[in-house]
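Everything on this sheet refers to the single structure shown next.
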Amino acid sequence: DPWVNRTLLQSLCDDQVVVEIGAGNMALDDPCLIRMDVILSPYVDLVADAHALPFLPESVDYIFSLAVFEHLRNPFLAAQSIYEVLKDGGYVYHECNFVFAYHGYPHHFFNATLQGMEQVFSQFVALRKGVATYQMPSFALDMVLQSYLKYSHANQYPHGMRLVKLLQKICELDLVEYDIYFSESEALNVAAGTYFAGIKQRKPTSSRI
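For the sequence shown, the positions run 133 to 341 when our numbering is used.
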């Protein structure tokens, strides 16, 4: 997956220190990568809280997370903690759900627009921001429709079954192929998620790459 988070990881030097927040069951493995989550699993090196990262100030080169910030009680506090432990010239990449149904009970607190992500990471200089290719409207539409069908009782009534059958037909389509009809700016209105990639830059020349 040659996306921004992987590109940054591959561009850093060999002595990098990288933290993945919310590693979960992701099998990304790198000798410089510390895989962090709130629950221990075979893919987790460190159990910790993103609101208070257990690292020395300015000790990490790169911190990233995928679909984690919607599950944080205080994303602004977490972003501040990230800023403090990141080296000058260090990088961040974070995604957050936007048009996405409630999930992760009982820990789903925020869904963020792009402007919301810009506010959360306002201390960082933005490098890239927008909608990831796998977070386009097709993903949002499929997730919302699947959730609607799961939680609705419409299939118990003749009137409701008409709607259920129509929605099931839509879900059977390969919705991803219809993402080509959106520009990225248009996709921001109904994207499944948004992302922010940035750098902690105290002077214009600061960089870990």
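We put the beta carbon where it would ideally sit given N, CA and C, even for glycine.
Might you give, ordered along the chain, the residues of its own chain that have their beta carbon closer than 7 Å to the beta carbon of residue i, omitting 5 neighbours on each side?
| i | result |
| --- | --- |
| ILE341 | SER143 and LEU144 |
| ALA233 | MET275, VAL276 and SER279 |
| LEU307 | SER270, LEU273 and ASP274 |
| ARG260 | VAL136 and ALA329 |
| LEU246 | LYS261, GLY262, LEU320 and THR326 |
| ILE302 | LEU277 |
| VAL170 | VAL179 and ASP181 |
| VAL151 | ILE166, MET168, VAL192 and ILE195 |
Grab me the residues of residue i's own chain with a C-beta within less than 8 Å of its C-beta, minus the 5 sequence neighbours each way, in chain order.
| i | result |
| --- | --- |
| GLN212 | GLN255 |
| PHE253 | ALA211, VAL224, HIS226, PHE328 and GLY330 |
| ALA286 | GLY292, MET293, LEU295 and VAL296 |
| GLN300 | LEU281 |
| ASN206 | HIS183 |
| ASN243 | GLU202, CYS228, ASN229, PHE230, VAL231 and PHE232 |
| SER284 | GLY292 and VAL296 |
| LEU204 | ALA182, HIS183, ALA210, PHE241 and PHE242 |
Enumerate in chain order the residues of its own chain whose CB-to-CB distance from residue i is below 6 Å, with the five nearest sequence positions on each side excluded.
| i | result |
| --- | --- |
| GLN148 | CYS164 and ASP193 |
| ASN102 | For residue 102 there is no data in the structure shown, the boundaries of the chain being 133 and 341. |
| LEU198 | GLU227 |
| GLY236 | HIS203 |
To the nearest angstrom, report how far apart residue i and residue j are at their CA atoms.
| i | j | result |
| --- | --- | --- |
| ASP124 | ILE195 | Because the chain is modelled from 133 through 341, residue 124 falls outside the range shown and cannot be assessed. |
| THR337 | ALA258 | 15 Å |
| MET268 | ALA323 | 5 Å |
| GLN239 | ASP162 | In the sequence as displayed, the identity of residue 239 is His instead of Gln. Going from the Cα of HIS239 to the Cα of ASP162 covers about 29 Å. |
| PRO186 | GLY262 | 29 Å |
| THR265 | GLU318 | 13 Å |
| PHE241 | LEU172 | 22 Å |
| LEU141 | PRO290 | 53 Å |
| GLN333 | TYR215 | 10 Å |
| ALA228 | SER315 | Sequence check: residue 228 is Cys here, not Ala. Those two C-alpha atoms are separated by around 20 Å. |
| SER339 | LEU209 | 24 Å |
| ASP311 | GLU250 | 24 Å |
| ILE153 | GLY222 | 15 Å |
| LEU305 | LYS335 | 50 Å |
| GLU190 | LEU298 | 54 Å |
| VAL217 | VAL200 | 18 Å |
For the alpha helix (DSSP H) that contains residue i, what are its first and last residues?
| i | result |
| --- | --- |
| GLU152 | Where GLU152 is concerned, there is no enclosing alpha helix (DSSP H), although the beta strand (DSSP E) it sits in stretches over 150 to 153. |
| LEU299 | 290 to 304 |
| ALA319 | 316 to 319 |
Just curious, the beta strand (DSSP E) that residue i is in, first and last residue?
| i | result |
| --- | --- |
| THR326 | 325 to 331 |
| LEU144 | No beta strand (DSSP E) contains LEU144, which DSSP labels as neither H nor E. |
| ILE166 | 165 to 169 |
Should residue i be counted as a contact of the ligand FAD given a C-beta to heavy atom distance under 8 Å?
| i | result |
| --- | --- |
| SER143 | Absence of the ligand FAD from the depicted structure is noted, as is the absence of any ligand whatsoever, leaving it without description. |
Ordered list of alpha helix (DSSP H) runs contained in the stretch 242 to 282, each at least 4 residues: 246 to 252
Contained beta strand (DSSP E) runs [length at least 3] in the stretch 188 to 236, N- to C-terminal order: 192 to 197 and 218 to 229
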